[in-house]
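Each remark here refers to the structure printed beneath this line.
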């Protein structure tokens, strides 16, 4: 989930002050509403050392009534705590209804610092993850709102911040030996964090990644996220209470139900300033190859791919290649260059259209299971199960619960594929809006390509921004170490096709070396 | 979950015919309703070899319209199937909406036969369980009804049935070498089954244990359970559809909502014939000791316990002893005899009354977490977290969802305690209704004991049958290898106190030997 994060996000001080002035009173008001509605709230801060947890927690609590929250700083277990199950100290700190508990580091210590320091043995990791997930699920089922923030900075930035702290006598003590050890082994420790994010990102307690290089940006993003989640929960609890009151009355229903959605604070800010982890917009679409470069590379790569394809078959390794992207993003062309060099008995291209009646009558993942490749075969999906969190989400073909649950369902499915031995790669074919328009028009002009463009394509284009938001969220929540997303910069078709081929070849070669 | 099952359950042929004649048309009608409401149904049969899966599935499908269901017999993977992730062959067999898929053995093979045969390596078990649970959860979330039956017979009965099959040339082929190997290592294989039941008994896909010694009894219990679950689901789906229709109308609500509960078929049979796994009623309450026997045993045991208590302290082993039972069942007396011989610095008795305001404002397990013992200490709970699935269930202090979810929550909590090193034992103090009345009256007659009896105690007594049903279900769902329930036959107080002491001493001594 971290791989795709753009750490260059920034906000000016003046802008920051302006936005915070409007957010602070909202957060205060929401705290009072949660108190009145008896909603317990748990806010967890995790992230790299010196990523600013302390400072940001301080900014979060400024607008809050101090009688209604408590901050817990979690370090190593005391002797007293070591004598009890590891969740004991967290269970006993869970908030009373209507109160907010803020954790500066948390139960995740067990699978992070304690794992790194070998306090948690590897054999205990599976247990620890199951126990953590069960703990959060129980609390969420019991009505708790759970927000989890992960503060992300680069290794270089961390080193810089540690140096500033160490250079000052007053603050040097704050950098521990453990901090320096983790700084030294930053990449190794990052892998543990990534695994933690992947395994514990659930619909009942999702992670929000915070780009924490710039503190103003981070503070605004955190507070906005808290406001958004509390607004949703308050609306949900109120709706339930009203429904219950309605039932109790059992007289004729009140015609003016307050089903109006609360005005979203986040959207207000979003208009002026993007708080999203924008992945797509940071793709460099100027990347390109000339026709000559393309031809040369293509020939060489297709030759290698042909050999690797038969290696795959001999070694019985299944491969799943998933293609998503904007309409006219170049999926078809890339798939064609890939399959041209492959033995047709060893691959299948599975186009995904709107589900037919039989498919609609099953679980949404069922139809993709039909086409899971055999060992040694390559299954290429032209559009995929990700429809659930894109078109189905945006067009309202499934409920909010359903698409929010889908991230974990999809991750579980891909984990199962990877765990059974498959190479799983997902491509997002990225083009910009102008390029799309150009391609649409080209297709309209060529009679034998005109069928590729429908009215629906033009309609989808109008929802570009909505799609972009959904895709960004999808890329973060489902880019895993075992099934990564690859953004293919596609304005130049030559470049895109080569990148797809290179990525597939790299992945296969890496696997071949493993065993 | 198997340990407490009473395998002596039987039903006469005549009774069976009568009941089946009334059940069959109901099942047929429910199948049609599920088809119309587009509810997909998954029914899984697992259990020991020769426990009658084939015969019972045959009886289940008799009343069904053959166009609406399919039976899948699951044996080892074909070559084709081996080349795909292990869930692939099950995903592709999931039923279309409105249809019923019946599995004669299932995905559980992976953690049962394949585990026994070492086809599934131990290192893969954790993955397999997580993948199975995720699979069932996804299907349940997607609207599938999932029923799982486990057919239980004794080792002896299995041997007898195999012999009958082997003695006949026509049927001998049905007993495989694998069957005979598992028969030989029945107890070892049973442990794997028990672990499987414990780890996969969830609120969205619960197990029903079927006493399968008597085929008539088993058939009726299975069909009743299917009817009950489908009735519930049909009612739930209809209620949702009505609510949706209601919303759409958005005119004044229809005052006669059909919120009437469907008449339960199971209750009808239950009146005439108990289908419950009755654990409490099979306790032998005639067990007793004379006063002289009691005194002698008590002295000896208390002496041993005193020594063991300091051993526990030295070895830093925490102990959790949970006491539940009927009012006046003798909890207090048994706890007193236990603590008399213990160092007061090393134990605490935690009485559990109705929750206070602070406790009510937290998760229901929170208050018990406060009293989790330190390593080396003994925590005794006089009434416990099991209130959730007894009094709170029966008095409606929590919702059906909440108490059904609680079995897993409680099992998870106890697993966490046990996994952190604690000995966990749960006692159910069993007396009969007459004995309770006698004790109530005695207490009323003795001024210094009168406070122990309240009007509520007399009221609870009237709900004896409801409690017994809830307790039986609780005992099955939460008796685990890591935290077993011990039924204490308590009509004779002397006997009960000695059994409690003996059980605790046994458990500690066993642990001492382990390391």
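Chains as they are written, first to last, in our numbering: chain B, 1184 to 1698; chain U, 1184 to 1698. We put the beta carbon where it would ideally sit given N, CA and C, even for glycine.
Margin query: Please return the same chain residues whose Cβ sits closer than 6 angstroms to the Cβ of residue 1298/U, not counting the five positions on each side in sequence.
Written below: 1375
Check: Quick one: is the Cβ of residue 1397/B within less than 6 angstroms of any heavy atom of the ligand MG?
Finding: Inclusion of the ligand MG in the displayed structure is not the case, the ligand content being empty and no account of it being possible.
Check: Three-state secondary structure (DSSP) at residue 1253/B?
Finding: strand
Notebook entry, point to check: Do we get a CB-CB distance below 7 angstroms when we pair residue 1594/B with the residues of chain U?
Noted result: no
Check: Can you find a C-beta in chain B that's less than 7 angstroms from the C-beta of residue 1317/U?
Finding: yes
Item checked: Neighbouring residues, chain U, relative to residue 1493/B (Cβ below 8 angstroms) -> Residues of chain U passing the Cβ test: none, with the nearest at roughly 17 angstroms.
Notebook entry, point to check: How many Å lie between residue 1667/U and residue 1503/U at the Cα?
Noted result: 12 angstroms
Next item on the list: Output the boundary residues of the beta strand (DSSP E) element that contains residue 1533/U.
Entry: 1530 to 1534
Next item on the list: Anything in chain B within Cβ reach of residue 1558/U, meaning under 7 angstroms, just list it in chain order.
Entry: 1266
Note to self: 7 angstroms is my cut-off, CB to CB: does residue 1689/U come that close to chain B?
What the structure shows: no
Check: So is residue 1475/U buried or exposed if we call it buried at 16+ other beta carbons inside 10 Å?
Finding: exposed
Check: Exposed or buried, what is residue 1759/U when buried is set at 16 or more other beta-carbons lying within 10 Å of its beta-carbon?
Finding: Limits of chain U in this structure are 1184 at one end and 1698 at the other, which puts residue 1759/U out of reach.
Check: How about residue 1496/U and residue 1601/U: are their beta carbons less than 7 angstroms apart?
Finding: no
Item checked: Presumed contact (8 angstroms Cβ cut-off) between residue 1341/U and residue 1232/U, rounded CB distance -> 6 angstroms
Checklist line | Beta-carbon contacts of residue 1678/B that lie in its chain and below 7 angstroms, excluding the five residues immediately before and after | finding: 1470, 1471, 1472, 1672
Note to self: Need the endpoints of the beta strand (DSSP E) that residue 1562/U sits in, please.
What the structure shows: 1561 to 1565
Next item on the list: Report the residues of the stretch 1296 to 1326 of chain U with a CB closer than 7 angstroms to any CB of chain B, ordered along the chain.
Entry: 1309, 1310, 1314, 1317, 1321, 1322, 1324, 1325
Next item on the list: Could you confirm whether any beta carbon from chain U is found closer than 7 angstroms to the beta carbon of residue 1553/B?
Entry: yes
Notebook entry, point to check: What in chain U is Cβ-close to residue 1269/B, meaning under 9 angstroms?
Noted result: 1599, 1603
Check: Helix, strand or coil for residue 1228/U per DSSP?
Finding: strand
Checklist line | Closest by C-alpha distance to residue 1490/B, when choosing among 1605/B, 1529/B, 1589/B, 1609/B | finding: 1529/B
Next item on the list: Within 10 angstroms of the Cβ of residue 1368/B, are there 16 or more other Cβ atoms? Answer buried if so, exposed if not.
Entry: exposed
Next item on the list: Can you pull the chain B residues whose beta carbon is under 9 angstroms from the beta carbon of residue 1545/U, in chain order?
Entry: 1223, 1277, 1278, 1279, 1280, 1325
Item checked: Burial state of residue 1351/B (16 or more Cβ within 10 Å) -> exposed
Next item on the list: Answer with yes or no whether the minimum CB distance from residue 1274/U to chain B is below 7 angstroms.
Entry: yes
Notebook entry, point to check: Taking 7 angstroms as the CB-CB limit, is residue 1568/U close to chain B?
Noted result: no
Notebook entry, point to check: Contact check, residue 1396/B vs residue 1508/B under 8 angstroms by CB: the rounded distance?
Noted result: About 29 angstroms; that fails the 8 angstroms criterion.
Item checked: Expected contact under 8 angstroms - CB spacing of residue 1289/B and residue 1227/B to nearest Å -> 5 angstroms
Check: In terms of alpha-carbon separation, which member of 1607/B, 1533/B, 1337/B, 1279/B lies closest to residue 1372/B?
Finding: 1337/B
Next item on the list: Please report how far the alpha carbon of residue 1547/U lies from the alpha carbon of residue 1281/U, in whole angstroms.
Entry: 38 angstroms
Item checked: Alpha-carbon spacing of residue 1295/U relative to residue 1568/U, whole angstroms -> 32 angstroms
Checklist line | Counted within 10 angstroms of its Cβ, other Cβ atoms place residue 1411/B as buried (16 or more) or exposed | finding: buried
Checklist line | Meets three-Cβ-pair contact criterion under 8 angstroms: the stretch 1631 to 1644 of chain U and the stretch 1678 to 1693 of chain U | finding: no
Note to self: Along the chain, where does the beta strand (DSSP E) containing residue 1185/B start, and where does it finish?
What the structure shows: Neither: residue 1185/B is in no beta strand (DSSP E) and is coded neither H nor E.
Item checked: Under the three-state DSSP convention, the category residue 1358/B falls into -> coil
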